[in-house]
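Protein sequence lines, in the order shown, are assigned to chains A, B, C and D. When we follow this note's numbering, the leftmost residue of the first sequence carries the number 14, and every step to the right adds one. When we follow this note's numbering, the leftmost residue of the second sequence carries the number 37, and every step to the right adds one. When we follow this note's numbering, the leftmost residue of the third sequence carries the number 145, and every step to the right adds one. When we follow this note's numbering, the leftmost residue of the fourth sequence carries the number 610, and every step to the right adds one.
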Amino acid sequence: MPNKKPSNYADMFHLISPSKPFNVSSLDPYVAEIRLVMPYRYFPGPTATRFFVELRDNQRILGIKCRTCGIVYVPPETICGRCFEKLHEWVEVGNQGVLQTYTTSHYTLPIHRNQAPRIYGIVKLDGADTGFLHHLGEVDVEALHIGMRMEAVFMEERAGNVLDIKYFRPVSSSGSPL
Amino acid sequence: MGERVAIIGIGQTDHRYLRSDINHEEMIYEAVRKALEDADLTIRDIDTIIIDNMDLFEGHYLSDAMSVDGAGMYLKPGLKMNTGGTSGGTAVVTGWHHIASGLFETALVIGWEKQDAAPSISALVTAREPLYDRGMGAGAVGIFATMGLKYMREYGCREEHAALARVIMADNARRNPHAHLKLDLTIEDVLKSRVLVWPVRLLHMSPTSCGAAALILSNENKSRRAAKPPVWIKDIETAHREQSVWRGGCVEPNPKVTAIEVAASKLYRRNNITKPSRDIDVWELYTPSSWALFPWMELFSICEKGEAWRLVEKEVIRIEGEIPIEPSGGVVSTNPIGASGLIRVAEAALQLRGEAGERQVTKKAETAIATAWGACHWIVILYLSKHL
Amino acid sequence: MSAELLEIIIPLDLRYKYSAGPHLGAFLRALKVGKIIANRCPGCRRLQLPPTPVCGRCHIGMGQDWVELSHQGTVISYSFVVDPIFDPGLGDMRPVPYTIAAIVLDGGPDVAFFHKLQENDPSKVKEGMRVEAVFKPLQERAGTIEDIIHFRTIG
Amino acid sequence: MARRVGVVAVAQTKFEESKPTLHLQDLVFEPVQKILQETGLKFTDDGTGIDATISCSQDHWDGWTISSKNVVDGAGGHLRPEEKVAEDGAYALYYAALSIIGGHYDCILVVAHTKESQVDGRLIENAGLEPLYSRMLGLDFTSCAALQATQYMHRYGISSQQCAQVVVKNRRNAIYNPYAQSPGELTVTDVLGSPMLSDPIRLLDAKPVSDGASALIVAVEEKVKKWTDKPVWIEGMGCCYDRHYLGYRDLTDPISLTEAAKRAYNMARISNPRKNIDLVELSEYYSYQELLWSEGLLLCERGDGGRLLESRATQIGGDIPINPSGGLLSGVPVNVAGLNRAVEAVAQLRGETGGSQIDGAKRALIHGTGGVCGQMHCVIILKKG
């Protein structure tokens, strides 16, 4: 992988679609539409970077273990918030796990790529001690239940971020994938 | 009065333009770790945590919430403060009240900013009234240009003098391992740098930096057993300023008393500071531009009106001088905004400890003033002393 | 350890329905008919421009004491915006260069009016210069601060 | 505790789904003006009036970097101390009380404002999630809360009907509250028939969009006694953070709330909160949260929030009335929420709430929360003087 230089701001600005300065929607009472748009750039740091690179290049899900409290974090965290220790010990976890909770959202926001409904869940992967928050897919909503076995499905095109996992879907033996 | 408050731990990251190697939580952790090591404490010894940054600079709503792991806030009480440029100073003041109340023995105060997330000049545009000046306003350069212009006209100072002030701050910054800009400047270099708004040149303005700083405050009892000699925060004062000034481009047709004068005179009176240039040994003023230095020196009564540039000309503000100002290199060398005010306090405390290394002032340092400035000429002042 | 630097770009795109309130609203509506109005504090008697609901010094409501100000005034401070700047209100780069100024309008000595100058030549902008508001043609005005195009040099 | 702190006066605007006629400055000034007129206090430097201002607002909600700029003029910040807590309003009160106990100030004005109607708050909530693992998924606080609700209801057998009863109770309580935004007689069927937002949270299970502001003056004991004959004392307070990422937390166990409550109880020397507290004003952004928070506050055992509600104990007239003001479900803006809980509780302790008055109310608990799924909490105990 070539080292990618951080983008400059100008590249980020091109991601934004321009709009008119502001529209006065009513003069009395005076109400105007004001936009506040900023592209923000976040650097994941070494731990999340390694996690994302593994997702992208090898479709592997890595966790990180706290030597003090023994907790295996998936997704991984640089610092164990309980022990306030830096974490170093990488462990590979399975791409299957147990559904801890879920919800179906029925509204669509401008940040969403697809129309609602949208199903979210938290999956505790085998070998992890924490839950992984993500989308659920290929799901019969009626059959969804806490404790259901789930597995990660990866995107075809992966960019090195959390969306390289497309969603978690029920494992066929226990669920009812469509 | 309540419990006395001391600084017993100091930590800061090295400040840089870009921290693409690290996320904001890891950056905070770096500063907190250093402060804990400095105080020889663990996170368990910390009773409460106060944190500050500018929300729209990184785009995080409730950034304290997403900093819990890095800041060691898990299952601890704490607050998030934000008062603009003064935030770092306000956070220390907040920690000071916490200890003074007697309800907490130790408080960890954290200021941070990761300005590589977005250009802060764009975020700062949103500090203006959307239906009035938001579409026109851009940065703070104009404020300092007016300041400089007025100062030159009234007191006969020349551009060279502000350039000298900038050179001195650069010289100081080169002796500070944490500083962002460590420039080797001559007066000519400054005078040759691009004019932003005359007389403000590019080199007169503060950079945009990424960085975090942390302080550990504690009460008298705990401070007596601290690993390092405590530096006492003897008193604090804050003053803000009305909006009409800001909306007029921060310029007043008939200049009135400033927030700095009001706050400084209150604080001086309470602490029997009658001649600041004598009673205060080190100054960490928050000077976002080298052009702000002269008015600041005069508003803080370090000297008479019109005298500041002459003192700078005599170079008494240098680390070796009689009135050392910004021995750290100041905000013009390092400006992670949410941390800037806190760094002023941290640097002043290091001076009083005698631990400022190459930037340690030559004179005996027992008292210091650290300030934070921001928004519409708002000010926070902290008075530090080696002695209780 | 991977030496690769990842970055994640997430825009924040918010649209506000922003209220001017009775005082700033009256000011903006007045611009639409070519007037610049300020309001007077019933306590300290000073003018506020743009008008505000409360006096920061007296902590009392401003009431309805309105004063119309001249379109002419004197520049007391200015600034040249030359560097490209991303405008979060536009979602685009702001056109530069332009000149902004604090202007004391005749009849309103208490607070400066903040607007653009027509003059962009740094050698021709001076403190104390006399300027006059140039309004858009009546039919193009929308009741915004941009109903004044800029201030032009006079005298 | 060296110095005792009490509430001198409270004020608030009416809460409405939008206030298009008001600038943010107007919104802040309204309750401040009321409270100044009522008390006759002024902003002074000589200790005869209000010494400092602590405000609470959020840059994102105001759409304004340094949102306290809209506060300074109206709330006495000119050439005087003003500090902004960028958290829920309960934290602003917490900080104000601390500052007075510490001795630097004797009297502080606390003011909080938000106009939720001016922006789609769900986008702001999305920015309230850490960017790497959560924000990109497109979640907002409602969908996150739904994950919490699902897990909580599953673990303890809480039903949608029980959650709906919280809405019915609080909206009915709001009938007696002249400032409430959406009072009304609803039925469980109404709630369960309202549109689904994020399963199991329906439209009526969620706090409505609301605009408004609240203000409160706190002072040191001597001054409280001088300025009011109906003092309300701050007996205890505590706040606490939990971790951020939802997967790292046990969403069914509000440990940070319990921690905050224990701090407040210890300070107020409360051994049995259910018995020692006469009323609770808590911040339920969603109906299930009232049940979960009542467990976190140790008013009942873990998992018993539903049973506590069904026992009618939390109704006006019960032994531990919760949200007699109508709570957040009747419409209170974010950020203002926690401070407004104190405003409502003070009115109760002063016996000024008319039809919703709790007889003999002596001690109240107020609660504010911030962050996703109740990540941090602030608990304050108020006692009638």
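Virtual Cβ for every residue (Gly too), placed ideally from N, Cα, C.
| So, do the segment 291-301 of chain B and the segment 76-84 of chain B have three or more beta carbon pairs nearer to each other than 8 Å? | no
| query | Secondary structure at residue 107 of chain A, three-state DSSP: helix, strand or coil? | reply | coil
| query | How would you list, in chain order, the residues of chain A whose beta-carbon sits under 9 Å from the beta-carbon of residue 174 of chain C? | reply | The premise fails here: residue 174 of chain C is roughly 11 Å from chain A at the closest Cβ pair, so nothing lies under 9 Å.
| To the nearest angstrom, how far is it from the Cα of residue 180 of chain A to the Cα of residue 151 of chain A? | 9 Å
| query | What does residue 94 of chain A touch in chain B if you count any residue whose Cβ is under 7 Å from its own? | reply | 104, 105 and 110
| query | Which value, in whole angstroms, describes the spacing of the CA atoms of residue 112 of chain A and residue 139 of chain A? | reply | 11 Å
| residue 44 of chain A touches chain F at which residues, Cβ-Cβ below 8 Å? | Any reference to chain F falls outside this structure, whose protein chains are A, B, C and D.
| query | What whole-angstrom Cβ distance do residue 285 of chain C and residue 175 of chain C have, given they're in contact under 8 Å? | reply | 7 Å
| Does the beta carbon of residue 170 of chain B sit closer than 8 Å to a beta carbon anywhere in chain C? | yes
| Assigned secondary structure, residue 931 of chain D (DSSP; H/G/I helix, E/B strand, else coil) | strand
| message | Less than 7 Å between C-beta atoms, sequence neighbours within five positions excluded: which residues of the same chain meet that for residue 191 of chain A? | response | Only weak support is given to the placement of residue 191 of chain A: the predicted model assigns it a pLDDT of 43, under 50, and the question is left unresolved by the model.
| Listed by chain order, chain B residues near residue 67 of chain A by CB distance under 7 Å | By Cβ distance, chain B contributes nothing, its closest Cβ being about 17 Å from residue 67 of chain A, past 7 Å.
| query | In the segment 90-176 of chain B, which residue ranges form an unbroken beta strand (DSSP E) of at least 3 residues, counting only runs that do not cross its ends? | reply | 114-117 and 142-150
| task | Could you say which of B:58, B:49 and B:242 lies nearest to residue 176 of chain B if we only look at CA atoms? | result | B:242
| Looking at the structure shown, is residue 641 of chain D part of a helix, part of a strand, or coil, going by DSSP? | helix
| message | Please tell me whether residue 898 of chain D has its Cβ less than 8 Å away from any Cβ of chain A. | response | no
| field | Euclidean distance between Cα positions of residue 196 of chain B and residue 239 of chain B | value | 13 Å
| said: I'd like to confirm the pairing. Which residues does DSSP put opposite residue 979 of chain D in its beta bridges? | reply: D:985
| Under a Cβ-count criterion, where at least 16 other Cβ atoms within 10 Å of its own Cβ denotes burial, should residue 255 of chain B be classed as buried or exposed? | buried
| task | From the DSSP output, in three-state form, read off residue 146 of chain C for me. | result | Low per-residue confidence applies at residue 146 of chain C: pLDDT is 49, beneath 50, and the placement is therefore not dependable, though the value from the model is reported in the following sentence. The answer is coil: DSSP assigns residue 146 of chain C none of H, G, I, E or B.
| query | DSSP beta-bridge partners for residue 769 of chain D? | reply | Answer is none; residue 769 of chain D lacks a bridge partner.
| Based on Cα-Cα distance, which residue from B:140, B:215 and B:424 lies nearest to residue 847 of chain D? | B:140
| field | chain A contacts from the segment 49-74 of chain B (Cβ-Cβ distance under 9 Å) | value | 54, 55, 56, 57, 58, 59, 60, 61, 62, 63, 65, 68, 69 and 72
| query | With a cut-off of 8 Å, does the C-beta of residue 283 of chain B fall near any C-beta of chain C? | reply | yes
| message | To the nearest angstrom, how far is the alpha carbon of residue 188 of chain A from that of residue 146 of chain A? | response | Confidence at residue 188 of chain A is low in this model, with a pLDDT of 45, below 50, so the placement of that residue should be treated as unreliable; the coordinate-derived value is given next. Computed Cα separation, rounded: 19 Å.
| query | Where do the N-terminal and C-terminal ends of the beta strand (DSSP E) with residue 182 of chain A fall, by residue? | reply | 178-183
| Inter-stretch contact at 8 Å, needing at least 3 Cβ pairs: the segment 668-687 of chain D / the segment 957-974 of chain D | no
| Within 8 Å (strictly less), CB to CB, does residue 91 of chain A reach chain B? | yes
| task | Only counting runs of 4 or more residues, tell me where the alpha helix (DSSP H) segments fall wholly within the segment 814-859 of chain D, in order along the chain. | result | 830-836
| query | In terms of residue numbering, what span does the beta strand (DSSP E) encompassing residue 254 of chain B cover? | reply | 246-255
| query | So, does the CB of residue 131 of chain A fall closer than 8 Å to a CB anywhere in chain C? | reply | no
| field | alpha helix (DSSP H) runs wholly inside the segment 771-805 of chain D, at least 4 long, in chain order | value | 797-802
| request: Give every residue of the same chain whose Cβ lies closer than 8 Å to the Cβ of residue 145 of chain C, excluding the five residues on either side of it in the sequence, and list them in chain order. | output: Confidence in residue 145 of chain C is poor, its pLDDT being 46 and thus under 50, which makes the residue's placement unreliable; the coordinate value appears in the next sentence. Closer than 8 Å at Cβ, skipping near neighbours: no residue.
| task | Compare the C-alpha of residue 184 of chain B against each of B:158, B:150, B:236 and B:204 and name the closest. | result | B:236
| message | Can you confirm whether residue 26 of chain A, when its beta carbon is compared against all beta carbons of chain C, has any partner nearer than 8 Å? | response | yes
| said: In whole angstroms, give me the CA-to-CA distance for residue 212 of chain B and residue 276 of chain C. | reply: 50 Å
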